[in-house]
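The structure appears below as structure tokens.
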Amino acid sequence: SCNTCEGIVADEKISVCLPQRTGDISVCASEANAVAIRVALLGTGVIAAPHATALRALHGAVDLIAVCDSDRAKGEAFRAAWAIPEFYEDLQTMIARAKPDVIHVLLPPPAHAGAIIDCLDGGSGPSQQFANHNLLERSQ
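Each residue of the sequence shown is one higher than the one before, counting from 5 in my numbering.
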């Protein structure tokens, strides 16, 4: 559990904290050994900004490391607006170079299943595979 609140350790990287007074679920990155989860975004459409906002609200528990979009101008503009370090036009290149722990698939719903399969084919880590497995089941 977390040293600063009554949290539940989700994995070796992060604790999920349940503050007593509010009952809200938050992410605790206060432990000395906490390592931020490396997150990439696939797609920069209308849903991308709310995802980026939510990720940034996690205050250090998550590093927004890369964004990928087939539209270079749109993707680069999003990357610059959100100060995301890297932009890619190709998903497999992003996976290989940025090495994200998690990829938020922010494409139109009909493209979810194919993108998730591509993420799994890209050699993702266990956390990403678990998340993508659940997303794949929901998208079918």
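Just so it is clear, CB atoms sit at the ideal spot from N, CA and C, and this is done for glycine as well.
Using DSSP with H/G/I as helix, E/B as strand and the rest coil, what is residue i?
i: Leu45; result: strand
i: Asn136; result: Low confidence applies here, because Asn136 scores a pLDDT of 44, under 50, leaving its location unreliable; read the following figure in that light. If DSSP states are grouped into helix, strand and coil, Asn136 belongs with the helices.
i: Ala119; result: helix
i: Ile99; result: helix
i: His108; result: strand
i: Ala61; result: coil
i: Ser5; result: Low confidence applies to Ser5: its pLDDT is 42, below 50, so where it sits in the model is not reliable enough to give any reading.
Based on Cα-Cα distance, which residue from the options lies nearest to residue i?
i: Ala103; options: Ala61, Val50 and Leu68; result: The sequence shown places Lys at residue 103, rather than the Ala named in the question. The shortest Cα separation from Lys103 among Ala61, Val50 and Leu68 belongs to Leu68.
i: His63; options: Phe91, Glu93, Asp125 and Ala40; result: Ala40
i: Ile51; options: Val106, Asp105 and Pro113; result: Pro113
i: Leu124; options: Gln96, Leu111 and Arg101; result: Gln96
i: Ala233; options: Ser74, Ala85, Asp75 and Leu110; result: Here the chain has residues from 5 to 144 only, and residue 233 is not among them.
i: Ala70; options: His116, Tyr92, Ala117 and Ala81; result: Tyr92
i: Val66; options: Arg42, Glu80 and Ala87; result: Arg42
i: Pro54; options: Asp75, Glu90, Asp94 and His108; result: His108
i: Asp94; options: Arg83, Asp75 and Ala56; result: Asp75
Run through the DSSP bridge pairs and tell me what residue i is partnered with.
i: Phe91; result: Val71
i: Val66; result: Ile41
Run the CB neighbour count on residue i, radius 10 Å, all protein chains shown included, and call it buried at 16 or more, exposed below.
i: Ala58; result: exposed
i: Thr48; result: buried
i: Arg60; result: exposed
i: Asp122; result: buried
i: Ala77; result: exposed
i: Arg101; result: exposed
i: Asp105; result: buried
i: Asp73; result: buried
i: Gly118; result: exposed
i: Ala85; result: exposed
i: Ala87; result: exposed
How about residue i: is its Cβ closer than 7 Å to a heavy atom in the ligand SAH?
i: Thr48; result: As presented, the structure is devoid of all ligands, the ligand SAH included, so that no description of it is given.
Output yes if chain C places a C-beta closer than 8 Å to the C-beta of residue i; else output no.
i: Gly118; result: Chain labels in this structure do not include chain C; a single protein chain is all it has.
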